[in-house]
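Working notes, structure below.
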Amino acid sequence: MKKKSVILLIMGLQLTMLMGACGNKNQEESVQVSTEAFAVESTETQTGESVTAETEESETIETDSNEKENETKMEETDVKEESDFANVSLAELYKDDFLIGVALPDPLCKQGSEVEELISKQFNSLTCENEMKPDSLLDQKACQADLNETYENPAVHFDNCQKAIDFALAHDMKIRLHTLVWHSQTPDWFFTEDYTKDGELVSREVMLKRMENYIKNVLTYFEENYPGLIYAVDVCNEAIDEGNGDENWVRKVDNKWYDTVGDDYYYQAFVFARKYATEDMKLFYNDYGCSSKSEQIISHLAKAKEEGLIDGIGMQSHLKTSDNIGVKYLNTVKAFCDEGYEVQVTELDIGISEKNETNYLRQARKYKILFEGLKELREEGRPITSVTVWGLDDAHSWRKKEYPLLFDEQHEIKPAFEAAALSEKIPAIE
Ligand code: GLA
Numbered sequence: 000m001k002k003k004s005v006i007l008l009i010m011g012l013q014l015t016m017l018m019g020a021c022g023n024k025n026q027e028e029s030v031q032v033s034t035e036a037f038a039v040e041s042t043e044t045q046t047g048e049s050v051t052a053e054t055e056e057s058e059t060i061e062t063d064s065n066e067k068e069n070e071t072k073m074e075e076t077d078v079k080e081e082s083d084f085a086n087v088s089l090a091e092l093y094k095d096d097f098l099i100g101v102a103l104p105d106p107l108c109k110q111g112s113e114v115e116e117l118i119s120k121q122f123n124s125l126t127c128e129n130e131m132k133p134d135s136l137l138d139q140k141a142c143q144a145d146l147n148e149t150y151e152n153p154a155v156h157f158d159n160c161q162k163a164i165d166f167a168l169a170h171d172m173k174i175r176l177h178t179l180v181w182h183s184q185t186p187d188w189f190f191t192e193d194y195t196k197d198g199e200l201v202s203r204e205v206m207l208k209r210m211e212n213y214i215k216n217v218l219t220y221f222e223e224n225y226p227g228l229i230y231a232v233d234v235c236n237e238a239i240d241e242g243n244g245d246e247n248w249v250r251k252v253d254n255k256w257y258d259t260v261g262d263d264y265y266y267q268a269f270v271f272a273r274k275y276a277t278e279d280m281k282l283f284y285n286d287y288g289c290s291s292k293s294e295q296i297i298s299h300l301a302k303a304k305e306e307g308l309i310d311g312i313g314m315q316s317h318l319k320t321s322d323n324i325g326v327k328y329l330n331t332v333k334a335f336c337d338e339g340y341e342v343q344v345t346e347l348d349i350g351i352s353e354k355n356e357t358n359y360l361r362q363a364r365k366y367k368i369l370f371e372g373l374k375e376l377r378e379e380g381r382p383i384t385s386v387t388v389w390g391l392d393d394a395h396s397w398r399k400k401e402y403p404l405l406f407d408e409q410h411e412i413k414p415a416f417e418a419a420a421l422s423e424k425i426p427a428i429e
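Quick look at the structure:
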């Protein structure tokens, strides 16, 4: 952004000089000016910056040229600082605090892609945005092919996540396995007698067997083939939901786990996960809006916690700039830690309503509060072990209209990135 300003300021200077030299602006000069502007824009685009040359250019023309020279000098200093920032690696910066993760859609998990270097430089933990969810791992054809064999023991396959596994191995990244038991992205056919979409739902007993074997098959596959690769498992996602839940807030609406197993399905998932997980696979409950339902989460997980079935709580953290991060959010992190849970931030993004410098700065401040706060809590000894952003760049975000991530559509550093890297230029104020 700063580099853009410098170039545009220089453009402005050139324009002012041109106008001064020629007295009045004729058609030819306009052509010359716009050609020049185009040339600058093209260069910028090649380096990945998006420019709004016209607006910034006209602002510059109105300024006095001496003032501009000074500004240009100041900006040049900033440019140097910014290029220093471009060398910062979040993974490196936080290596003594927590892992820094990214959730990637399948097309970005590609060796040889233009973002491969950026990903491997910035992150040391990887989450598949979709490829390790039940609808990716369950194999309907194989389930239906031999019902005698699969009735209680669902068939799984790992074709969809192979690229991500290879990517992680190639770059020495660890994987968060997201997610085993969830009401969403889990096919309806998984819950029926004959593994067809409209079949009759199976009994609680049968579904518990399927749950156990599904968890067993998935965890055993990783244990046997890639020991040590999975460091955290989202055993259950989004089971506590006041608006869509029963009288105890257990997710009931559109939830086949609830329909078949019943209101303790999330607890059962931890029973089986503990049975088959290795010691280095930490078991997590993952949810959104944790700051508004932390007490309910804690009380629902208490039994699993007492029995040693769960290690941590994953806070999704899909946030907005109006959210109170400094007090409400960080107090929730503290509350979970103080209950004896490890905490991971699992799906971080902070949305803004529209893209402009003010909102970019607002967003950056929130990122700063969050990262600075987590680091402080970590330094006080609280077990915050991983922070994952839900996507690499704004173009590949599920909230792309809210520009919520650390890199822009061209994979360029945003103020949000500098804030996450604890830039002194960005104040940590709400
Ligand atoms: C939830 C899930 C994620 C993802 C997002 C939307 O937060 O946990 O897996 O599906 O919704 O992208």
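Residue 0 is where the sequence shown starts when you use numbering that gives the first Met the number 0, and the numbers rise one by one after that.
Glycine is no exception: its CB is placed at the ideal position from the N, C-alpha and C atoms.
(message) Measuring straight from C-alpha to C-alpha, what distance separates LYS424 and LYS413?
(response) 13 Å
(request) Starting from the C-beta of ILE309, find all residues in its chain whose C-beta is less than 7 Å away, skip the five residues before and the five after it, and write them out in chain order. (result) PHE269, LEU282, TYR284, LEU300, ALA303
(message) Quick test of your reading: ILE428 and ARG364, contact by CB under 8 Å. State the CB separation rounded to the nearest angstrom.
(response) 6 Å
(message) Below 8 Å on the Cβ atoms is my contact criterion, and I expect PHE190 with GLU417 to pass it. Report the Cβ-Cβ distance as a whole number of Å.
(response) About 47 Å; that fails the 8 Å criterion.
(message) Is any non-hydrogen atom of ligand 1 found closer than 7 Å to the C-beta of HIS317, if you look at the structure I gave you?
(response) yes
(request) Evaluate SER183 with the Cβ neighbour count: other Cβ atoms within 10 Å of its Cβ, from every protein chain shown; 16 or more gives buried, anything less gives exposed. (result) exposed
(message) Just to confirm before moving on: does the CB-CB distance between ALA102 and GLU346 stay below 8 Å?
(response) yes
(message) Using a 10 Å radius around the Cβ and a threshold of 16 neighbouring Cβ atoms, would you call ALA415 buried or exposed?
(response) buried
(message) Using a 10 Å radius around the Cβ and a threshold of 16 neighbouring Cβ atoms, would you call SER436 buried or exposed?
(response) Absent from the structure is residue 436, since the part of the chain shown begins at 0 and ends at 429.
(message) Looking at ligand 1, does it come within less than 7 Å of TYR287, judged from the CB to the closest heavy atom?
(response) yes
(request) Indicate whether THR320 and SER124 have their beta-carbon atoms separated by less than 8 Å. (result) no
(message) I'd like to know whether the C-beta atoms of VAL249 and ALA276 end up nearer to each other than 8 Å.
(response) no
(request) Kindly indicate the opening and closing residues of the alpha helix (DSSP H) around TRP181. (result) Where TRP181 is concerned, there is no enclosing alpha helix (DSSP H), although the beta strand (DSSP E) it sits in stretches over 173-181.
(message) Per the DSSP calculation, MET314 is bridged to which residue(s)?
(response) ASP286, VAL344
(request) Could you spell out the range, first to last residue, of the alpha helix (DSSP H) harbouring ILE214? (result) 203-224
(request) Assign LYS327 to buried or exposed, taking buried as 16 or more other Cβ atoms, counted over all protein chains shown, within 10 Å of its Cβ. (result) exposed
(message) Going by DSSP, what residue range makes up the beta strand (DSSP E) through THR149?
(response) Taken as a continuous stretch (DSSP letters only), THR149 belongs to no beta strand (DSSP E), being part of the alpha helix (DSSP H) at 146-149.
(request) Answer yes if the stretch 140-147 comes into contact with the stretch 91-110, meaning at least three C-beta pairs across the two stretches below 8 Å, and no otherwise. (result) no
(message) Quick check: does the Cβ of ASN236 come within less than 7 Å of any heavy atom belonging to ligand 1?
(response) yes
(request) Tell me whether the beta-carbon of VAL234 lies closer than 8 Å to the beta-carbon of VAL180. (result) yes
(request) Put SER385 into one of helix, strand or coil per three-state DSSP. (result) strand
(message) I want to know whether the stretch 203-211 touches the stretch 143-160 - three or more CB-CB distances under 8 Å.
(response) yes
(message) In whole angstroms, give me the CA-to-CA distance for MET131 and GLY390.
(response) 16 Å
(message) Taking 6 Å as the limit between beta carbons, can you name the residues of its chain near PHE335, skipping five residues before and five after?
(response) ILE312, VAL342
(request) Enumerate in chain order the residues of its own chain whose CB-to-CB distance from ALA420 is below 7 Å, with the five nearest sequence positions on each side excluded. (result) PHE84, VAL87, LEU89, LEU92
(request) Return helix, strand or coil for VAL232, following the three-state DSSP convention. (result) strand
(message) Tell me which residues share the same chain as THR178 and place their Cβ nearer than 7 Å to its Cβ, disregarding the 5 neighbours each side in the sequence.
(response) LYS132, ASP233, ASN236, ASN285
(message) Are there any heavy atoms of ligand 1 lying less than 7 Å away from the beta-carbon of HIS299, as far as the coordinates show?
(response) no
(message) Could you check whether ALA163 and GLN110 sit closer than 8 Å to each other, using their CB atoms as the reference points?
(response) no
(request) For my contact list, VAL260 and VAL217 are in at a C-beta cut-off of 8 Å; report their separation, rounded to the angstrom. (result) No, VAL260 and VAL217 are not in contact; Cβ-Cβ is about 18 Å, not under 8 Å.
(request) Return the residue from the list LEU329, GLN362, HIS410 that minimises the CA-CA distance to ILE383. (result) LEU329
(request) Starting from the Cα of ILE229, find the closest Cα among ILE239, GLU356, LEU176, GLU199 and give me that residue. (result) LEU176
(message) Taking 7 Å as the limit between beta carbons, can you name the residues of its chain near GLU128, skipping five residues before and five after?
(response) ALA102, LEU103, PRO104
(request) With a 10 Å radius around its C-beta and 16 neighbouring C-beta atoms as the bar for buried, classify PRO403 as buried or exposed. (result) buried
(message) For GLU408 and ASP322, what's the separation of their Cα atoms in angstroms?
(response) 24 Å
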